[in-house]
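One structure is given below, encoded as structure tokens.
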Amino acid sequence: MAQFQAVKGAKDIFPEEIVRWHYIEEVIRSVTALYGFSEVRTPVFEYTELFQRGIGSTTDIVGKEMFTFLPDPNGRSITLRPEMTAGVMRAFLQKNPGGGVPVHKLYYISDLFRKERPQAGRQRQFTQFGAELLGVSSPAAVVEAISLMMQVFGTLGLHGLKLRINSLGDLEDRSRYREELRRYLEPYRDELDEASRERFEKNPLRILDSKNPAVQGIVAGAPKLLDCIKPEGRAEFDRVLGYLADRDIAYEVDHLLVRGLDYYGHTAFEVVSSELGAQDALGGGGRYDALSKELGGSAEIPAVGFAVGMERLIIAMEKQGLFAALSPRGPQVFVVLQDAGLEEHAMRIADRLRRAGVTTETDLAGRSMKAQMREANRLLAGFALFVGQDEVASGNFTLKNLRTSEQVTLALDAIPGVLLESSKL
């Protein structure tokens, strides 16, 4: 029988890598707390029409990348979530159907699923962290979201990142721009690749996002969306740029930036890293005031948010050597059994130490004392606590520092305090 392998596009993550994930997650949780964001968790699957209406039927995600299943008992199709914003907005509307709720600041660290071609930093099951600010999308709110994202990157030590930003205007602005863009692209239509020709009919703004160098050369001379935006929309965008400058957040206005999701309007932004190659986006987001009505809400709910790919973040950090000082922490103590027949004593001592808050390992395989010491060193234990006949009889135990080889004999009651104090050093 053939040995089972992980499904293509999915990855196992073992303890030596998990330490990196935990470190990043701790930074995310600490920084989001500084900004007053609270965690939200939504179901891993939703009704398919949520994404069709929320993300947009002309997007690659809905058209090509969703994992969709046979209808549920009620005859409705189910899809594994390919992104988080639509689900978070659905949850918000369901919890607050009247829409009269003040500002909510929510963040998530969640697994998502897309039928992508697996490659470095792009899996079919992947993880994003993101934040959604619901109830307000003023220039100050946009910069609040960007500042949160950039502070996470800065706290992790990432450098050399570039913030790209653009304004997509409102629905009327984009409708007017689509026609201008079609007129510009019409003479080049035969030179476009197949995907861009399809987008020409359905949503030409997607062509601006093409990674094909030939198409990029064509769109380089296209009209600028920013020139089609009404004066009030342009004034709002200028305020965003002004706030960024006030906070010393460097940016580059990118007239080709449209993002890959149809719910974005007005300000959109993206952070790129040269460490990621051609697919250089680390994360991004923008305003999505119209999403609530698309999902059945009674009115538009101002909103702004962003999402960052965790796998891409890890690649960028690896290439910048930011995990070099990060190492897994071993147990504070390894209980070493010196004499056979004392297993129950060793287990009681280990249990007592754990209840006192000391991370403790003990031998469960009946190995020799020499093998136990090798295991203690492999696990990077800080101390070894020896349990033998004399120790059990006297109630005093030898505690050895495995870094310095210093030894001390202590009553069992005193050992937790010594170990907990040493962990602070």
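Residue numbers (the numbering used here): 3 to 427.
Just so it is clear, CB atoms sit at the ideal spot from N, CA and C, and this is done for glycine as well.
Computed from a predicted structure; not experimentally measured.
Here the segment 19 to 26 does not lie against the segment 54 to 74, with fewer than 3 beta-carbon pairs under 8 Å apart. The beta carbons of Glu363 and Pro330 sit no closer together than 8 Å. Relative to Ile317, the option among Leu158, Leu72, Gly343 whose CA is nearest is Leu158. In this structure, the beta-carbon distance from Thr81 to Met68 falls below 8 Å. In the DSSP assignment, His106 is bridged to Leu136.
The DSSP-derived three-state label of Val335 is strand. Every unbroken stretch of the alpha helix (DSSP H) spanning 4 or more residues and falling wholly within the segment 174 to 238 is given here in chain order: 196 to 204, 215 to 221. Taking all protein chains in view, the Cβ of Phe16 is surrounded by fewer than 16 other Cβ atoms within 10 Å, so the residue is classified as exposed. DSSP, read as helix, strand or coil, puts Gln7 in coil. In this structure, Glu238 places its C-beta atom within 8 Å of the C-beta atom of Pro141. Measuring C-alpha to C-alpha distances from Gly279 to each of Val260, Ala93, Lys213, Ala147 identifies Lys213 as the nearest.
When the beta-carbon positions are compared, Val138 and Pro304 come within less than 8 Å of each other.
Annotated three-state conformation of His268 is strand, per DSSP. Following the DSSP letters along the chain, one finds Ala122 in no beta strand (DSSP E), marked with neither H nor E. Scanning its chain for C-beta atoms nearer than 7 Å, with the 5 sequence neighbours on each side dropped, one finds around Glu27 the residues Ile111, in chain order. In the DSSP annotation of this structure, the continuous segment of the alpha helix (DSSP H) that includes Gly419 starts and ends at 417 to 424.
Cβ neighbours of Ser79 within its own chain (closer than 8 Å, five residues either side excluded): Tyr49, Thr50, Glu51, Thr70, Phe71, Leu72, Pro73. When the beta-carbon positions are compared, Leu150 and Ala122 stay at least 8 Å from each other.
Bridge pairing for Gly287: Phe271, Phe308 [DSSP]. The Cβ neighbour count for Val389, taken over all protein chains shown within 10 Å, is at least 16; the residue is labelled buried. For Arg357, no beta strand (DSSP E) segment is defined; the enclosing uninterrupted segment is the alpha helix (DSSP H) at 345 to 357. Pairing Asp291 with Glu277 gives a Cβ-Cβ distance that is not under 8 Å. One thing to note: Phe336 has its Cβ no nearer than 8 Å to the Cβ of Ala413.
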